[in-house]
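S.K.: The sequence shown begins at 14 in the working numbering and counts up by one. The C-beta atom is built at its ideal place from N, Cα and C for all residues, glycine as well.
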Amino acid sequence: ENVPFKLGGWGGHMGPEADFKAVAEKVESDTGLRALYKIVVPGLLESTREALLKSYQRVWHKLVAEYYEAALDNSESTARLVLAHHWEQATDRMRPTQDAVLQAAGYMHSAAKTAEGVSMMSDAISLMQRSCRILQHLPHEGKEGQELCENVKLQILADMAPLTLTVYGPGSTESMAAYHGLHRLVPQDKPVDDLGVRVLAGICENLYGRQLYEAGAKLAERMVYSGRVTDKDLHQEVGWACMVPALFHTGDFLSMFDYMDKILAVFRAAGT
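#1: Are G229 and A259 closer than 8 Å when you measure CB to CB?
#2: What residue from S123, T263, H193 and I276 has the CA that sits closest to Q249's CA?
#3: My guess is that V257 and M273 are in contact by the Cβ rule of under 8 Å, so how many angstroms apart are they, rounded?
#4: Taking A233 and C255 to be in contact with their CB atoms under 8 Å, please state how far apart those CB atoms are, rounded to whole angstroms.
#5: Give the range of the alpha helix (DSSP H) segment to which K275 is assigned.
#6: Tell me the DSSP secondary structure of R108 in three-state form.
#7: Give me the Cβ distance between L151 and V114, rounded to the nearest whole Å; I'm assuming they're in contact under 8 Å.
#8: In the structure shown, what three-state DSSP assignment does G222 receive?
#9: Using C-beta distances below 8 Å, list every residue in its chain close to A171, excluding the 5 sequence neighbours before and after it, in chain order.
#10: Quick one: is K203 buried, meaning 16 or more other Cβ sit within 10 Å of its Cβ, or exposed?
#11: Taking the Cβ atom as the reference point for each residue, do R71 and Q111 lie within a distance shorter than 8 Å?
#12: Entirely within the region 184–263 and at least 3 residues each: give me those beta strand (DSSP E) ranges in chain order.
#13: Return the chain-ordered list of same chain residues with a C-beta closer than 6 Å to the C-beta of M134, the five sequence neighbours on each side being excluded.
#14: What separation, rounded to the nearest whole angstrom, lies between the Cα atoms of F261 and D271?
#15: What three-state label does DSSP hand Y81 in the structure shown?
#16: Considering only their Cβ atoms, is the gap separating R223 from G184 smaller than 8 Å?
#17: Drop a sphere of 10 angstroms on the beta-carbon of N164, count the other beta-carbons inside from all chains shown, and report buried for 16 or more, exposed for fewer.
#18: Once DSSP output is grouped into helix, strand and coil, what is the label at H98?
#19: Give every residue of the same chain whose Cβ lies closer than 7 Å to the Cβ of L267, excluding the five residues on either side of it in the sequence, and list them in chain order.
#20: Does DSSP put G182 in a helix, in a strand, or in coil?
#21: Helix, strand or coil: how does DSSP classify L151 here?
#22: In whole angstroms, what is the alpha-carbon distance linking V95 and E187?
#23: Less than 8 Å between the CB atoms is what I'm expecting for Y120 and W100, so what's the real figure, rounded?
#24: Taking buried to mean at least 16 other C-beta atoms within 10 Å of its own C-beta, is G182 buried or exposed?
#25: Can you tell me whether K231 is buried or exposed, with buried defined as 16 or more other CB within 10 angstroms of its CB?
#26: Which same chain residues, not among the five before or five after I138, have their C-beta less than 7 Å away from its C-beta?
What follows is the structure in structure tokens.
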């Protein structure tokens, strides 16, 4: 009697969303909305999940996700994982809604950042990859929809790419692919911003991993040039640091020591 609906006894004629809405309204008026979730008990959930049609499952996950968003502490990592799961399952691959896709990808990305914070790098990469796959279902209606999808995906890739250097190593196929997806952040005809410098430094490390030192040195020179043009010391300093391995492997030790002296002066000025 505590279950607010009986499977097969009320569905089919109005469509899944209308049926769930009708049941939810009835439960809310009769016993309170909390009773709707009494179906989530050990043993009953699996049998219910198997019995529901796919369309009903998606609506069910959406209801549970919305309930948990209000009921759980979203600052907890477990809450973000639960919400990511339910929003992902609530996404209709055939008729996806922007809200469900962005919610699922956002919570998955947030859970990945939590995993990264406790040094679970491989798990963080896996979650970010799932987040990018979810974004593939984002409706691309018009130019704005395409730009939104690309911008969100770039944010995720920018967080994931440095992790691939740690997990798979410089020059690995996985890391090269991750940084290739960030080429839009490095415009060819103008100085790069701080994020662009981070991307260039990662690409540089991948090139060195494949012993392409001259190509890496060109990217380092570009970072130094960007620092001069934009008057950002950080860009120059990162460029100097990236230049050192190339000069070492090409045998230009005098220039290498010159750049190392510059880096040492920056550390001394910072008091470190």
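M.R.: So, from the data block:
#1: yes
#2: I276
#3: 6 Å
#4: 4 Å
#5: F266 to A282
#6: coil
#7: 5 Å
#8: helix
#9: L195, L198, L208, R211 and V212
#10: exposed
#11: no
#12: none
#13: L176, T179 and V180
#14: 12 Å
#15: helix
#16: yes
#17: exposed
#18: helix
#19: none
#20: coil
#21: coil
#22: 28 Å
#23: 6 Å
#24: exposed
#25: exposed
#26: M173, L176, T177 and V180
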